[in-house]
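**Student:**
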Amino acid sequence: MFEKVTINDIAKLVGVSKATVSYYLNGNYKKMSLTTKEKIKQAIDVTGYQPSKIAQSLVTRDTQTIGVVIADITNPFISSVMKGIHDTCQHYGYTVNFTNSDNNLQIELENLHHLKQQDVSGIILDSVDPNNPFVSAFDPQTLVMVDRQAHQLQFDTIVSDNEASTKTFLQEMINAGYQDIYFVSFPIEGISTRELRYKGFKEMVTASQDYLIILGEDGSDEHILNIIKNSSSKPAFLMMNGPTLLSFMKIVNQSSYHYPKDFGLGTYEDLEWMQLLTPSVSCIKQDSYGIGCLAAEHLITKLRGDRASVASPELLEVVNEIIIRHSF
Numbered sequence: 001m002f003e004k005v006t007i008n009d010i011a012k013l014v015g016v017s018k019a020t021v022s023y024y025l026n027g028n029y030k031k032m033s034l035t036t037k038e039k040i041k042q043a044i045d046v047t048g049y050q051p052s053k054i055a056q057s058l059v060t061r062d063t064q065t066i067g068v069v070i071a072d073i074t075n076p077f078i079s080s081v082m083k084g085i086h087d088t089c090q091h092y093g094y095t096v097n098f099t100n101s102d103n104n105l106q107i108e109l110e111n112l113h114h115l116k117q118q119d120v121s122g123i124i125l126d127s128v129d130p131n132n133p134f135v136s137a138f139d140p141q142t143l144v145m146v147d148r149q150a151h152q153l154q155f156d157t158i159v160s161d162n163e164a165s166t167k168t169f170l171q172e173m174i175n176a177g178y179q180d181i182y183f184v185s186f187p188i189e190g191i192s193t194r195e196l197r198y199k200g201f202k203e204m205v206t207a208s209q210d211y212l213i214i215l216g217e218d219g220s221d222e223h224i225l226n227i228i229k230n231s232s233s234k235p236a237f238l239m240m241n242g243p244t245l246l247s248f249m250k251i252v253n254q255s256s257y258h259y260p261k262d263f264g265l266g267t268y269e270d271l272e273w274m275q276l277l278t279p280s281v282s283c284i285k286q287d288s289y290g291i292g293c294l295a296a297e298h299l300i301t302k303l304r305g306d307r308a309s310v311a312s313p314e315l316l317e318v319v320n321e322i323i324i325r326h327s328f
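To convert, note that position 35 of the sequence shown is 35 in full-length UniProt numbering; the numbers rise steadily by one, no gaps.
#1: Specify the secondary structure class of Y24 as computed by DSSP and reduced to three states.
#2: Just checking my contact of D119 with D147 at CB under 8 Å: how many whole Å lie between their CB atoms?
#3: Report the partner residues of V135 according to the DSSP bridge assignment.
#4: Hey, M32 and T47 are a contact pair by Cβ (cut 8 Å); roughly how many whole angstroms apart?
#5: Can you round the beta-carbon distance between F201 and I228 to whole angstroms, since I take them to be within the 8 Å contact cut?
#6: Taking F237 as part of the beta strand (DSSP E), name the residues at either end of that continuous run.
#7: Within the continuous beta strand (DSSP E) that includes Y268, where are the two ends?
#8: Could you tell me which residues DSSP pairs with M145 in its beta bridges?
#9: Helix, strand or coil for G290, going by three-state DSSP, please let me know.
#10: Residue ranges of each beta strand (DSSP E) run of no fewer than 3 residues wholly in the stretch 192 to 250, ordered along the chain?
#11: So, is A137 buried or exposed, given that buried needs 16 or more other C-beta atoms within 10 angstroms?
#12: In its own chain, which residues sit with a C-beta less than 7 Å from the C-beta of Q179, not counting the 5 before and 5 after it?
#13: Per the DSSP calculation, S282 is bridged to which residue(s)?
Listed below in structure tokens is the structure:
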């Protein structure tokens, strides 16, 4: 093994010019034979040579760094997304710079501009507001959105199949004999994940506001308990996400009501703490790690020019898993 192996060492070892090794490192194989390409690869493998990313970036204008802007780093869903991004970037030789916007649009914009000043190769954005017009200043070739989607797509966006999986899950509730099904959420407007899941609910169950429960509104706690108490048939509740389920359980746990004896229960998301609930809760399980992996891979292939450009932004949906347990 060499110590502090340089590009000159690799060139001398193979018997080629420094420029040829540089072409290889930058993925430009047109100027060399397959034999030369293989010899350079073997020399790099044997010596453990690590090219300087700074030097490479001066040639390719690619710092091989992905900036990631997260809306709320405390969201349990996003931690798996971040791991998927990190693991995929590491696989492709990219480093990752994570930032947190703390659900503040102004901080998000500051994070975006700081990353741009650092000359990151590309950005993955989990936006506080994907409809924010200021984001349109960025290049669609170097920015990918994740989780939340704009009403009018400007960038390739990777999301869960929110609407379709909600409808599939509700069909399971209907097949189980439930007629009175309620959608429980925090305020919906302006957040695409909530809007799309509620859209699926309205198409499968009803658009009547009587079957929408917004937690935190005046009387919402009493309304939930009255539904369970007064419904002519056993009701069911679909939670918008894990935090919604947690708030809902705090309400019903102060009463004498229990699922599935008194009501049916289902939720979007399958978080680790839910395993503590008895019985276990049927859910729509998101592949959050897969969303992160796809976002990073999609962006990197665009940055490397391996993906043909398309006329309009793409919406890529990661399919969820329906898990039926014992809660309805």
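Quick reminder that beta carbons are idealized off the backbone N, C-alpha and C, glycines included.
**Tutor:** To lay it out plainly:
#1: Here Y24 sits in helix by DSSP.
#2: Contact flag wrong, Cβ pair sits at about 25 Å.
#3: For V135, which the question treats as bridged, DSSP gives no partner whatsoever.
#4: With a contact defined as Cβ atoms closer than 8 Å, M32 and T47 miss out at about 19 Å.
#5: Actually they are not in contact, since the Cβ atoms of F201 and I228 sit about 19 Å apart, beyond 8 Å.
#6: Bounds of the beta strand (DSSP E) holding F237 are 236 to 239.
#7: Per DSSP, Y268 belongs to the beta strand (DSSP E) from 264 to 268.
#8: Beta-bridge pairing links M145 to L125, T157.
#9: DSSP places G290 in helix when its eight states are reduced to three.
#10: Entirely contained in the stretch 192 to 250, the beta strand (DSSP E) runs reaching 3 residues are, in chain order, 212 to 214, 236 to 239.
#11: Counting Cβ neighbours within 10 Å, A137 comes out exposed, since fewer than 16 surround it.
#12: Correct list, in chain order: S233.
#13: Paired residue(s): G266.
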